[in-house]
Every structure is written in structure tokens, then in C-alpha cells.
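Following the numbering used here, the numbering of the sequence shown begins with 49 at its first residue and continues without gaps. Backbone N, C-alpha and C define an ideal beta-carbon position, used for all residues, glycine too. Let me begin by presenting the structure, written as C-alpha cells, before commenting on it.
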Amino acid sequence: MAAADTAPGLDTDALLDDPDIRIIVCCGSGGVGKTTTAAALGVRAAERGRKVVVLTIDPARRLAQSMGIDSLDNVPRRVKGIETRGTGELHAMMLDMKRTFDEIVEAHADGERARAILENPFYQSLSAGFAGTQEYMAMEKLGQLRAREEWDLIVVDTPPSRSALDFLDAPKRLGSFLDGKFIKLLMAPAKMGGRAGMKFLNVGMSMMTGTLGKLLGGQFLRDVQTFVAAMDTMFGGFRTRADATYKLLQAPGTAFLVVATPERDALREAAYFVERLAAEDMPLAGLVLNRVHGSEAARLSAEHALAAAENLEAAGIVDQTAGKAGLREPADSPDAGTTHATDTAGAATPDPAEHASEHEPADTPQTDADAVTVEQLTAGLLRLHAERMQVVAREQRTRDRFTTLHPEVAVTAVAALPGDVHDLAGLRAIGDRLATGSAPAGAA
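Put into C-alpha cells, the structure is as follows:
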């Protein structure tokens with residue numbers, strides 16, 4: 049039995065209907081369909097009666113477009129057009145990283161200090177693009193939403209990071225930066241104050257600050273020191289909140305869905321994430337295998353399709369409509385490109401089109417050119433089918449490797465769609481496929 053046949057199926061409807069599940073985190077490497085998956089889960093959960101908010105961190109804004117919202121921002125917006133049961137609702141929002149950072153400063157610093165921090169050039173750079181800030185702010189926003197108790201299900205679309213693991217690592221990384229030796233050194237002169245502080249700075253840090261001043265610029269270093277002095281009382285809060293959100297992710301009410309495509313790199317990243325979740329005692333619900341290919345003509349193997357295409361190209365069938373098979377005329381034959389209709393005795397008969405009035409329409413008989421076009425088209429379709437079956441086989445082998453390594457992980461497969469999802473109907477279709485595990489024919 050193939051490894052894929054032994055993998056347990058993922059029941060996404062049971063997950064969405066479970067009132068104890070309050071957070072679903074869709075994670076995975078970039079470009080695998082996390083945003084669409086998160087949105088489809090949100091739509092399906094709302095239409096099954098839950099009050100849902102979807103938090104996306106996708107800068108492409110596809111989520112807003114698919115939900116019929118002009119734009120998303122840091123405030124949850126009600127999505128219209130949800131065909132819900134009972135009290136179900138769907139809200140959606142897009143993380144504004146800088147605004148979320150500003151909200152933290154405003155909430156944990158008095159007016160004068162908050163203003164000094166918000167206007168500080170180093171803070172403005174940090175809040176807009178410091179490595180890991182986006183992932184940290186996603187965790188902050190998740191904690192804020194959960195604390196409000198306004199929704200009974202939060203679906204999180206994790207940031208499009210280089211690595212799926214960044215979402216888990218970033219809070220600790222940013223906390224380590226804020227608590228690190230470099231920051232503490234910069235903080236020391238301000239804490240000591242007065243002449244003692246200046247003496248410490250001049251004696252103990254002159255070499256470091258001189259070097260940093262040359263590398264980064266004296267003004268930049270002063271901006272950093274000013275920022276550190278203003279943020280001193282807030283540093284502990286960053287780590288405390290990061291730790292609280294991390295524990296929230298470990299809680300039984302959270303479920304992780306790893307999203308991947310059936311490609312080697314994506315599934316390798318998915319395997320790393322599965323192992324990391326297990327190591328961190330975080331609850332994994334299963335794997336969403338997205339954009340799976342298949343064929344309704346899976347009984348025709350790639351090898352047979354290629355052989356048939358080669359036979360057509362080598363010998364061809366000229367007179368299919370008459371039920372007769374024969375070889376094409378060689379390209380250099382005097383008769384090549386000329387068609388003669390034949391009677392049952394094999395004698396040539398006049399072409400009725402030759403006697404038709406030039407002003408009267410006449411049925412055009414099949415020509416060798418037409419026959420060649422049909423052959424070429426048929427051979428081309430056979431080759432396309434062979435390529436599709438090769439893709440199906442490669443995806444199946446890749447999936448089998450994953451399920452062999454992680455046979456305990458429940459899997460649902462979602463068939464590849466011919467186009468992008470751009471409205472609620474498309475999200476409902478994805479939700480249906482998520483619920484039924486609708487891998488196309490020949491895909492498993």
C-alpha cells in the first residue's frame with residue numbers, strides 16, 4: 049500500500065465546528081496559498097455559524113479583493129455576502145506593522161515619552177522594517193484580538209517570510225535584541241546619568257562608540273541611544289507579551305495548519321515546521337496539500353500517451369472520417385498536398401467543387417493539410433497529457449516521501465484550479481475542497 053494511502057484524512061469541518069478551537073494558524077513557506085486557505089477557512093467557518101476574524105499579513109491584498117472589501121487595515125472589517133447559519137459573522141483585517149507598533153508605544157508610555165519614541169528616527173526605521181518586526185507584530189495583534197473576546201475563532205495567515213519558521217522565531221529574536229548586550233550598553237550611560245554617565249561613556253565606551261560612529265554615523269548612534277533611553281521601561285513588556293502569546297499558541301484551543309504545495313522545497317519546509325511544532329509542544333491539526341494536479345484520463349499513462357503521439361507523428365492516420373487508415377504522402381511527393389476522392393473500385397472521381405459556380409458555396413472536402421492538422425493536434429494533446437501525468441507522478445512521489453516521514457500527520461488535498469480565486473464564490477469552492485479532500489482524479 050502506498051504511503052499516501054495510509055495517511056489519515058484531515059477533517060477541516062470538524063476543526064471549524066469545534067467550539068474549543070479558538071485560533072487556527074495557517075503557516076508554511078511563501079507562495080503556497082496560505083492567504084487563500086485562511087480566507088476560505090474563515091468563510092466556511094462563518095457560514096457554519098461561527099463569529100470569525102481573519103488576520104492576514106499578505107501585502108498583495110488579495111484577501112480584501114476576494115472578500116469584496118475595498119481595502120483592509122489594522123481594524124477588523126465586516127465582510128458582506130456571507131450566507132451564514134444563525135449568528136455567524138466574518139470580519140477581516142490586514143496587519144499594519146507600524147501602526148501596531150505605534151499602538152503598543154501609545155498604550156505603554158505616557159504622552160510625552162510616547163511622542164519622543166514615535167518621532168525618533170531609529171524607532172521609525174525599526175517599526176517600519178527591522179528584521180522580524182512584522183512577525184513579532186503579528187503575534188502582538190493575535191494577542192490583542194484574543195484578549196478582546198469578540199470573536200470565537202481567529203484565523204491567522206502568517207507572514208510571507210523566507211522561512212515558515214520565522215513566525216515562531218521572530219518574537220524571541222526581537223526580544224533578544226531588545227534585551228541584548230548591545231542595547232544594555234547603550235542604555236548604561238543614560239541610566240547612570242550626569243557626569244558619571246559621561247565618564248562611563250567616555251572611558252568605557254569611547255572605542256565602541258567611535259567605531260560605531262564611523263560605521264553608522266554619529267547622528268544614527270545618538271538616535272539609537274535616545275530611543276533606548278525612551279524605551280527603557282517598555283523592553284520588559286515586549287518579552288512578557290511575546291511569552292504570553294507563545295503560550296497561547298501552545299494552548300489546546302489553538303490549531304496549526306501547515307500549508308504546502310506538492311513540490312519538494314515546499315514539503316521539505318512543511319516537514320521542518322511539523323518537527324518544530326512537535327518540539328515546541330504546539331498543536332498541529334494537519335497538512336493542507338494545495339494545488340494538487342490530476343487527470344480525468346489517468347488510465348492513459350504517460351508512456352502510452354507518448355508512444356501514441358510518436359506513432360501519429362511517424363505514420364499518421366489520413367482518412368479517419370472514412371474509417372480507413374493509411375500513410376501520409378511523403379512531403380516531397382508530387383501528389384503531396386493534393387487530395388483525390390476515390391470510389392469503391394479505387395478509380396478517381398471528379399471533385400464536385402471543381403464544377404461549382406464560383407458564386408455558389410460548396411462543401412470543401414477534407415485535405416491532407418486538414419488531416420495533418422488533426423494529427424498534429426492529437427499528438428500535441430497526447431504529449432500534454434503525458435506531461436500532466438508526469439507531474440502527477442512526481443507530486444505523488446513527493447507526497448509519499450512526506451507521509452513516510454510523518455505518517456501521523458492528517459492530510460487534505462486541494463485540487464489545482466485553472467485560475468486565481470478573486471471572490472467569495474471562489475473561496476467557498478476552496479472551502480468545499482478543503483472539507484472533502486478533493487484531490488483530482490489520478491492524484492492519489
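- request: For the segment 59 to 123, list the alpha helix (DSSP H) runs that are entirely contained and at least 4 residues long, ordered along the chain.
  value: 60 to 65, 82 to 95 and 110 to 114
Check: When DSSP labels each residue in this structure, what does M141 get in the three-state scheme?
Finding: The residue given as residue 141 occupies position 93 in the sequence shown. Three-state result, M141: strand.
- Give me whichever residues DSSP pairs with L475 in a beta bridge. Here residue 475 refers to the residue found at position 427 when the sequence shown is read from its first residue. Paired residue(s): none; L475 is not in a bridge.
Task: Inter-residue Cα distance where the pair is H433 and A94 - done: For this step, residue 433 is matched to residue 385 along the sequence shown. For this step, residue 94 is matched to residue 46 along the sequence shown. Computed Cα separation, rounded: 39 Å.
Quiz item: If we count the other Cβ atoms within 10 Å of its Cβ and call it buried at 16 or more, is N168 buried or exposed?
Solution: Here residue 168 refers to the residue found at position 120 of the sequence shown. Its Cβ being crowded by 16 or more others within 10 Å, N168 is buried.
For the segment 281 to 351, list the beta strand (DSSP E) runs that are entirely contained and at least 3 residues long, ordered along the chain.
-> 302 to 308 and 332 to 340
Open item on the list: Quick test of the definition: if touching needs 3 or more C-beta pairs under 8 Å, does the segment 182 to 193 touch the segment 144 to 151?
Closed with: yes
Rounded straight-line distance, which links the Cα of L425 to that of L103 | Position 55 of the sequence shown, counted from the start, is the residue given in the question as residue 103. Position 377 of the sequence shown, counted from the start, is the residue given in the question as residue 425. L103 and L425: Cα-Cα distance of roughly 47 Å.
Practice item. Express the C-alpha separation of T84 and K295 in angstroms, rounding to a whole number. Key: Numbered from 1 along the sequence shown, position 247 holds the residue referred to as residue 295. Numbered from 1 along the sequence shown, position 36 holds the residue referred to as residue 84. Using only the alpha carbons, I get a separation of about 27 Å.
Query - Option nearest L201 by Cα separation, candidates D214, I117 and V100 - result: Numbered from its first residue, the sequence shown carries residue 201 at position 153. When only C-alpha atoms are compared, the closest one is V100.
Could you check the C-alpha separation between A350 and R445 for me, to the nearest Å?
Translated into the one-based positions of the sequence shown, residue 350 becomes position 302. Translated into the one-based positions of the sequence shown, residue 445 becomes position 397. Going from the Cα of A350 to the Cα of R445 covers about 15 Å.
I'd like the span of the beta strand (DSSP E) that includes A463, first residue to last.
Against the sequence shown, residue 463 aligns to sequence position 415. Element bounds for A463: V459 to A463.
Problem set entry | Alpha-carbon to alpha-carbon, A427 and M115 | Residue mapping note: residue 115 aligns to position 67 of the sequence shown, counting from 1. Residue mapping note: residue 427 aligns to position 379 of the sequence shown, counting from 1. Cα to Cα, the separation comes out at about 42 Å.
- Drop a sphere of 10 angstroms on the beta-carbon of G485, count the other beta-carbons inside from all chains shown, and report buried for 16 or more, exposed for fewer. In the sequence shown, counting from the first residue as 1, residue 485 sits at position 437. So G485 ends up on the buried side.
By how many angstroms is the C-alpha of L475 removed from the C-alpha of H454? Looking up residue 454 in the sequence shown gives position 406. Looking up residue 475 in the sequence shown gives position 427. Roughly 29 Å separates the two Cα atoms.
Query raised in the report: Are the Cβ atoms of V276 and L305 separated by less than 9 Å?
Result: Translated into the one-based positions of the sequence shown, residue 276 becomes position 228. Translated into the one-based positions of the sequence shown, residue 305 becomes position 257. Contact flag unset, no.
Check: For the beta strand (DSSP E) that I165 lies in, which residues bound it at each end?
Finding: Counting from 1 along the sequence shown, the entry for residue 165 is found at position 117. Run containing I165: none in the beta strand (DSSP E); it sits in the alpha helix (DSSP H), G159 to E167.
**Report entry** Residue interval of the alpha helix (DSSP H) (run including G191)
**Finding:** On the sequence shown, residue 191 is found 143 positions in, with the first residue counted as 1. First-last of the alpha helix (DSSP H) with G191: T181 to R196.
Taking V272 as the reference, give the member of R481, E131, L166 and E154 with the closest Cα. Looking up residue 272 in the sequence shown gives position 224. The shortest Cα separation from V272 among R481, E131, L166 and E154 belongs to L166.
By DSSP, does G428 sit in helix, in strand, or in coil? If you number the sequence shown from 1, residue 428 lands on position 380. G428 falls in the helix class under three-state DSSP.
Who does D205 pair with in a DSSP beta bridge?
In the sequence shown, counting from the first residue as 1, residue 205 sits at position 157. Looking at the DSSP assignment, D205 forms a beta bridge with C74 and T104.
Checklist entry - Per the contact definition of three or more C-beta pairs closer than 8 Å, is the segment 326 to 336 in contact with the segment 454 to 463? => result yes
Option nearest D205 by Cα separation, candidates E131, M141 and T60:
Reading the sequence shown from its first residue, position 157 is the one you call residue 205. Nearest C-alpha to D205: M141.
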